[in-house]
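A.B. asks: Numbering (our numbering), first residue to last: 557 to 985. Note that the Cβ used here is the ideal one computed from N, Cα and C, for glycine as well. Below are the structure tokens for one structure; questions will follow.
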Amino acid sequence: MPALAIVAERLIDGTGRDPIERAAVVIEDGRISAAGARASLTIPAGARVLEDNDLTLLPGFMDMHVHLASSGTNLVRILMTPPSLALLNSVPNCARTLAAGVTTVRDAGHTPIGVRLAAEAGHFPAPRMELAISLLSQTGGHGDDLMPCGARVGITMNVDVPHGVVDGVDAMRRKVREVLHAGADWIKLCTSGGVLSPGDLPDHAQFSVEEIRVAVEEAAVVGKRVMAHAMSPSGIRNALMAGVATIEHGCLLDEESIALMKERGAYLVPTLVAPGDVIDGAKGGGGGLPAEMVEKAERIGGLHRVAVSAAIAAGVKVAMGTDSAIGPHGTNLRELGQMVRCGMSPMEAIVASTRVPAELLRRADLGSLQPGKIADVVAVSGDPLADIDSLADPRHIRLVIKDGAVAYDFRGEAVAVQSSSASSPRAAS
Ligand SMILES: [Zn+2]
557 MPALAIVAER LIDGTGRDPI ERAAVVIEDG RISAAGARAS LTIPAGARVL
607 EDNDLTLLPG FMDMHVHLAS SGTNLVRILM TPPSLALLNS VPNCARTLAA
657 GVTTVRDAGH TPIGVRLAAE AGHFPAPRME LAISLLSQTG GHGDDLMPCG
707 ARVGITMNVD VPHGVVDGVD AMRRKVREVL HAGADWIKLC TSGGVLSPGD
757 LPDHAQFSVE EIRVAVEEAA VVGKRVMAHA MSPSGIRNAL MAGVATIEHG
807 CLLDEESIAL MKERGAYLVP TLVAPGDVID GAKGGGGGLP AEMVEKAERI
857 GGLHRVAVSA AIAAGVKVAM GTDSAIGPHG TNLRELGQMV RCGMSPMEAI
907 VASTRVPAEL LRRADLGSLQ PGKIADVVAV SGDPLADIDS LADPRHIRLV
957 IKDGAVAYDF RGEAVAVQSS SASSPRAAS
């Protein structure tokens, strides 16, 4: 592959340091070989040079909480979707995510190993992904898909996704081994109730500390870690006491649980867009969600922003995540504006979406535009430090480069992307 150079108005390298004006990135053999002021670096002879007006270069964004094999919250539509179709829907979901500038994701459940293997084989455009496969829940907990009518909604019955309901220490040990065998990179537990579960409340803890601890221990045996859907302070505390690495949502974080997060060095993945997406989905999708779930989302939304603002102010490590599937895939970068409205600077929101998730994943080769790193590069039009919400507008995403190869080149397509067609990776799901 010939060298690739992208020349831009400015470069934000993801480390948090000031942007560099009139900059360029040079890519050779899938890695960044140079990044900095255009005048300070040499573009190799024969390199392919990409440029456009008023571009900003950024590292590929990293979303630490998506569900690629799930699409929307409409219960009726979920009931009418065969598992094979649900699985195939992950193909456009992956493409939309990558087209939005998200080059790496962590999938928080329901996506089987085949999606990752097919993506790695190049069968369709997709972000790099780490998978939790199953979503483990106690009986009657957030991940129990048994509906009050007695039917299971099937979202946990995807091909190659072990059923996630488990109770007791010995059963948990066996279940974690089963999920690891199914290819999980992460173990996902629900340690509190949630919004989209019929029989519980976000305010209550789920699983005992002993059950959570055995999951952490079993995962650690093979060098893997645990992520916890945790909203209530008690559920967050139990997860942290047992050694969970990342807290998902954290909607009801209080002073004590924030202090414990800092003490344990745990990451918060806020998914600030999720409660609003539940409400929008219920309004926009012809209903399909019971009123009590919408009411839970409305109550949680306001508390969530207060809790995340307090965590940011206290210096908790925050990594971007969206719970995409609840909202449309490919709209991930809306989360950065939400993080800014909870107290981050635009630069901090970018770092929380690049360098910090790379640290969370222990991927020192990702997350910044520095020599030697894997070349995941996004070029956007305009300056996201001046308008963070511009990142969420797909018309601003101009180039998406993953592993040094151009995945999407939208230069010159400013008008075309506004009309959504079924074949476009940008079409709304
Ligand atoms: Zn989720």
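Taking the DSSP output, what are the residues bridged to Asp619?
C.D. replies: DSSP lists Val661 as partners of Asp619.
A.B. asks: Excluding the 5 residues flanking Pro575 on each side, which residues of the same chain have their C-beta closer than 7 Å to its C-beta?
C.D. replies: Closer than 7 Å at the Cβ level, and outside the excluded window around Pro575, lie Arg566, Leu567, Ile568, Leu941.
A.B. asks: Among residues of its own chain, excluding the 5 on either side of Ile792, which ones have a beta-carbon nearer than 6 Å to its beta-carbon?
C.D. replies: For Ile792, where only same-chain residues beyond five positions count, the Cβ hits under 6 Å are Ala786, Ile803, Ser813.
A.B. asks: Check His737 in the structure and name its three-state DSSP category.
C.D. replies: Three-state result, His737: helix.
A.B. asks: Return yes when at least one heavy atom of ligand 1 lies under 7 Å from the C-beta of Ala664, else no.
C.D. replies: Yes, the beta carbon of Ala664 sits closer than 7 Å to at least one heavy atom of ligand 1.
A.B. asks: Specify the secondary structure class of Glu969 as computed by DSSP and reduced to three states.
C.D. replies: It is coil, neither helix nor strand.
A.B. asks: Might you give, ordered along the chain, the residues of its own chain that have their beta carbon closer than 6 Å to the beta carbon of Val622, omitting 5 neighbours on each side?
C.D. replies: Excluding sequence neighbours, Val622 sits near Val661, Asp663, Ser880.
A.B. asks: Taking Ala642 as the reference, give the member of His860, Gly628, Leu654, His805 with the closest Cα.
C.D. replies: For the residues His860, Gly628, Leu654, His805, the minimum Cα distance to Ala642 belongs to Gly628.
A.B. asks: Quick check on the burial criterion: 16 or more other C-beta atoms within 10 angstroms. Buried or exposed for Glu819?
C.D. replies: The residue in question, Glu819, is exposed, as its Cβ has fewer than 16 Cβ neighbours within 10 Å.
A.B. asks: Please state if the CB of Gly893 and the CB of Pro957 are separated by a distance shorter than 8 Å.
C.D. replies: In the sequence on display, residue 957 carries Ile and not Pro. Not in contact: Ile957 and Gly893 (Cβ atoms no closer than 8 Å).
A.B. asks: Return the chain-ordered list of same chain residues with a C-beta closer than 7 Å to the C-beta of Leu796, the five sequence neighbours on each side being excluded.
C.D. replies: Result list for Leu796: Leu816, Met817, Arg820, Ala822, in chain order.
A.B. asks: Going by beta-carbon coordinates alone, are Ala740 and Leu687 separated by less than 8 Å?
C.D. replies: The answer is yes: Cβ separation under 8 Å.
A.B. asks: Between Asp701, Asn888, Asp585, which lies nearest to His719 when the distance is taken from Cα to Cα?
C.D. replies: Minimum Cα distance to His719 is reached at Asp701.
A.B. asks: Please give me, in chain order, every unbroken run of the alpha helix (DSSP H) with length at least 4 that falls completely inside the segment 811-867.
C.D. replies: DSSP runs (the alpha helix (DSSP H)) wholly in the segment 811-867: 811-820, 830-840.
A.B. asks: Heavy atom of ligand 1 less than 7 Å from the Cβ of His719, yes or no?
C.D. replies: False, no ligand heavy atom lies under 7 Å from that Cβ.
A.B. asks: Over what stretch of residues does the alpha helix (DSSP H) that includes Met636 continue unbroken?
C.D. replies: Run containing Met636: none; DSSP gives neither H nor E here.
A.B. asks: Exposed or buried, what is Asn609 when buried is set at 16 or more other beta-carbons lying within 10 Å of its beta-carbon?
C.D. replies: Flag for Asn609 reads exposed.
A.B. asks: Opposite His805 in the DSSP bridges: which residues?
C.D. replies: Per DSSP, Ala786.
A.B. asks: Give me the Cα-Cα distance between Gly858 and Arg729, rounded to the nearest whole angstrom.
C.D. replies: So the alpha carbons of these two residues sit roughly 37 Å apart.
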